Amino acid sequence: MSTGDLSALSMLELFRIEVESQTRALISGLLALEQSPAAAEHLEACMRAAHSLKGATRIVDLSAGVALTHAMEDCFVAAQEGRLRLHQAHIDVLLAGVDLLNRLANAPQADFDRPPEGDQLQVDTFLKALALAMQTTAASDSAPDDTLRVLHEAPAPGPAPTATQHDTPDRVLRVTAENLNHLLGLAAESLVASRWHKPFADSLLRLKRLQHACAQSLAALRDAGASQSDEQRWAALDEIRRRVLECEQLVAQGLASLDVFDRRSTDLSRRLYDEAVACRMRPFADAAQVFPRMVRDLGQALGKQARLEIVGARTQVDRDVLQQLEAPLGHLLRNAVDHGLESTEQRLAAGKPPTGVVQLEARHSGGALLITVSDDGRGIDLDALRVAVVDRKLTTAEMALELSEAELLEFLFLPGFTLKDSVTETSGRGVGLDVVQNMVKQVRGTIRVSMSAGKGLCFNLLLPLTLSVVRTLLVDIGGEPYAFPLAHVFRTLRLAPAQVEVLEGWQHFGLDGRRIGLVAAHQILEAGTFNPPEGDLAIVVVGDHHTTYGLVVDRFIGERELVLQPLDPRLGKIKDISAGALMDDGSPVLIIDVEDALRSVQKLVAAGNLSKVQQGAVAAEKAKRKRVLVVDDSLIVRELERKLLAQHGYEVEVAVDGMDGWNAVRTGHFDLLVTDIDMPRMDGIELVTLVKRDPHLKSLPVMIVSYKDRAEDRQRGLEAGADYYLTKGSFHDETLLQATVDLIGEAPQ
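By the count of this note's numbering, the sequence shown reaches residue 772 at its end, each step adding exactly one.
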């Protein structure tokens, strides 16, 4: 919520926001003081937080809170002045005081006005324990036994109720004033831009009137016929010509204005969208703030010394992703402390520091959120893991010996799988990592585990930055666009029919030493009958380490960022489809549910109903037509070149300018690129330069065909990387055709 929105909140709501912020600072400072008891900056931060809380509790007349925070403030002042040396037991009771303050602050209104007797008793006990702690002398290296005993007997209330409202649709969200100012500025720009439509519409109306007048003049000239003199007819024609020229000028001006408006509107829409997304983003610290205390308390409960390091606390993450992360990260951190970290004695015997360190890191990587949970504990005993896998009859003893480390660690994610022999309050039931994996999949993410000798386990979670936008691969299936989430796309490739093999009726191909089954996406999505192409097969490889298939599509369209549009709930769960979206031109596209599609494939495999993706796949590959891409902004030139090449057996595709050509050459396989130089959006020289710099396209032959016939123009084209430079006057003597034959050979007949 921005600063300007606070006036809408009650005093009690403002108080709870203040308590949430200051207790967060208190917990962070206390955990730091446990490692460095005399750190002046942490003592100062804790003292300021306690002082602010005392003032806030006094304003809302919470007397129990005033007494509690006043005692905490006195404690921090004593430590600052050297009259008190903080120990772990002191930190324990101070943390208990923080929990108690949270409980009081978030109590219902009735309890807030008059705290229950139990809460008041806990406050009195806390004050007594803290008063005894204040008797510890500055010279003491350890607290007296009776003081420690009382400190340990101090109440430790459970987690305080939270005031968050994740499940209510009208929940209040905090937005920084900077974000709000940016949004207002962009909204103002959008309002100004919208006023351009009226004068543009007026100019179109004027153009319509001029065209109507031209039509009337032509009709009058035709009807007059021989009754008019030549002079009258010429005068009428001159008037018509004048109006036509005026129409042409209006059209040219309108197109220029429209082009400028389009660029500005696109830029404004992108900035407005980026700012709206930024309003949904929160620092990773918002989700991680409770974890340092949790790791520390769990370590103490298990008789271990444990500390959490957070890296990338300011990394921006979508609010909904943060909400989904709390449970899986909590489980991974508890696992790290319980399963991973050794006891103090074991760590000292192994030459490690007595305090085990768990690290939680968040950073952006390749347009996604990468979260790493690692520890410096003992790791996993792979031999014990092999025995556990065999004992649970998940594989044979012979196969277990052949499994790699990565394959063995994947068993940890199976439901009910555990390496513990006994059940404790923390672990041992085998309900854990499979739940974590499912939660990660729900947000379209992936999780991987690895291990380093002597450095414990490392879990890598790759998640989308936001749940409202998904990066996808657009493909054509049966004449309709479909989108594959990139997080589930293992590889895309083009496969020659000769590389398709058949084993007992199943079609497959080799990829990185594995055999990948081939399936027609048309059959999975029921998108008509798949007609095997004459050329290479376009394949999207999806799945994981265990189940991988190659889905054959008609063609690749390219990568897109799509804003998710949930499907109408009245439709229920649509088979193999997760959501919808709108493309740039406003046309709808369905987003494929890859996991659902894989299950559909497995059902077809089990029933033996898979259709063939290449008729006669074992037979020799059919003669392949050579494909040429013609790029020119002139319709006449494009058609002339296309017809000339097509008549001689080449398969020709066209692009209307350099940008269109660049998109086409990256998504389709061509044997030759023929391009003009002077084109809008991207000229031919820039297009050739991009092609020759691309490691996948640099071997593609390129021919420039241009009206420019000066020596310097020819040199510029050849230096960019063109293999041929022709002038457009060469069409009449079929030099274009001969140059094509020289570069890629004759087309098969």
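Note that CB positions come from ideal geometry on N, CA and C, so glycine has one too.
In this text the structure is predicted, and so the values were computed from the model without any measurement.
Mapping the DSSP letters down to three states, classify residue i as helix, strand or coil.
| i | result |
| --- | --- |
| Thr338 | coil |
| Asn125 | helix |
| His719 | coil |
| Met726 | strand |
| Thr495 | strand |
| Ile615 | strand |
| Met474 | strand |
| Pro131 | coil |
| Gln188 | Summary for Gln188: the model assigns pLDDT 40, below 50, so the residue's position carries little reliability, and this model does not support an answer. |
| Trp529 | strand |
| Ala62 | coil |
| Tyr773 | For the chain, the structure presents residues 24 to 772; residue 773 sits outside this window and is missing. |
| Pro306 | strand |
| Thr489 | coil |
| Asn483 | strand |
| Phe553 | coil |
| His387 | strand |
| Arg538 | strand |
For a quick check, are the C-beta atoms of residue i and residue j less than 7 Å apart?
| i | j | result |
| --- | --- | --- |
| Gln328 | Thr378 | yes |
| Glu41 | Ala79 | yes |
| Arg266 | Leu228 | no |
| Gly684 | Leu723 | no |
| Leu585 | Thr495 | yes |
| Arg316 | Val380 | no |
| Cys98 | Leu150 | no |
| Gly374 | Gly400 | no |
| Leu314 | Ala336 | For the record, residue 314 in the displayed sequence is Phe; it is not Leu. Cβ distance not < 7 Å, so Phe314 and Ala336 don't count as in contact. |
| Thr575 | Phe513 | Looking at the sequence shown, residue 575 is not Thr but Val. It is not a contact, given that the beta carbons lie outside the stated cut-off. |
| Leu91 | Leu124 | yes |
Quick one: does residue i have its CB under 7 Å from some CB of chain B?
| i | result |
| --- | --- |
| Pro351 | Among the chains of the structure shown, chain B does not appear; only one protein chain is present. |
With a CB to CB cut of under 7 Å and the five nearest residues on each side skipped, what residues in its chain are close to residue i?
| i | result |
| --- | --- |
| Ser33 | none |
| Val466 | Val344, Gln347, Leu486, Pro487 and Leu490 |
| Gln111 | Glu57 |
| Ala247 | none |
| Leu766 | Leu695, Pro724, Met726, Asp746 and Tyr747 |
Leaving aside the five residues before and after residue i along the sequence, list all residues of the same chain whose C-beta is less than 6 Å from its C-beta, in chain order.
| i | result |
| --- | --- |
| Leu435 | Leu456 |
| Val334 | Glu384 |
| Val413 | Ala420 and Ala423 |
| Gly786 | The first residue shown for the chain is 24 and the last is 772, placing residue 786 beyond what the model contains. |
| Val624 | Val542 and Tyr572 |
| Gln339 | Met304 |
With a threshold of 8 Å on Cβ separation, who are the neighbours of residue i within its own chain once the five nearest residues in sequence on each side are excluded?
| i | result |
| --- | --- |
| Asn483 | Leu393, Ile394, Thr395, Ile470, Arg471, Val472 and Ser473 |
| Gln460 | Phe436 and Ile470 |
| Glu618 | Lys464 and His511 |
| Leu590 | Ile597, Ile600, Ala602 and Gly603 |
| Ile263 | Cys237, Ser240, Leu241 and Leu244 |
| Thr712 | Ala743 and Gly744 |
Would you report the Cα separation of residue i and residue j, rounded to the nearest angstrom?
| i | j | result |
| --- | --- | --- |
| Thr750 | Ile708 | 15 Å |
| Glu368 | His93 | 39 Å |
| Leu260 | Leu278 | 27 Å |
| Arg427 | Ile600 | This sequence places Ser at residue 427; Arg is not what is there. Taking the straight line from one Cα to the other gives about 34 Å. |
| Tyr673 | Val697 | 13 Å |
| Asp577 | His205 | 43 Å |
| Leu627 | Leu488 | 35 Å |
| Val728 | Gly533 | 41 Å |
| Asn686 | Leu49 | 55 Å |
| Asp406 | Leu431 | 10 Å |
| Thr170 | Arg319 | Per-residue confidence for Thr170 stands at a pLDDT of 49, beneath the threshold of 50, marking its modelled position as unreliable; no derived number is given. |
| Val764 | Asp736 | 24 Å |
| Gly389 | Pro508 | 14 Å |
| Asp656 | Ser292 | 27 Å |
| Gly740 | Tyr748 | 7 Å |
| Gly681 | Pro703 | 7 Å |
| Met606 | Asp701 | 29 Å |
| Val523 | Ser634 | 14 Å |
| Leu760 | Leu695 | 12 Å |
| Arg665 | Arg303 | 49 Å |
| Ala620 | Arg370 | 48 Å |
Pop quiz: residue i and residue j are said to be a contact at Cβ under 8 Å. What is the actual Cβ separation, rounded to whole angstroms?
| i | j | result |
| --- | --- | --- |
| Ser397 | Cys481 | 4 Å |
| Leu117 | Leu53 | 6 Å |
| Arg39 | Asn129 | 6 Å |
| Ala770 | Arg648 | 7 Å |
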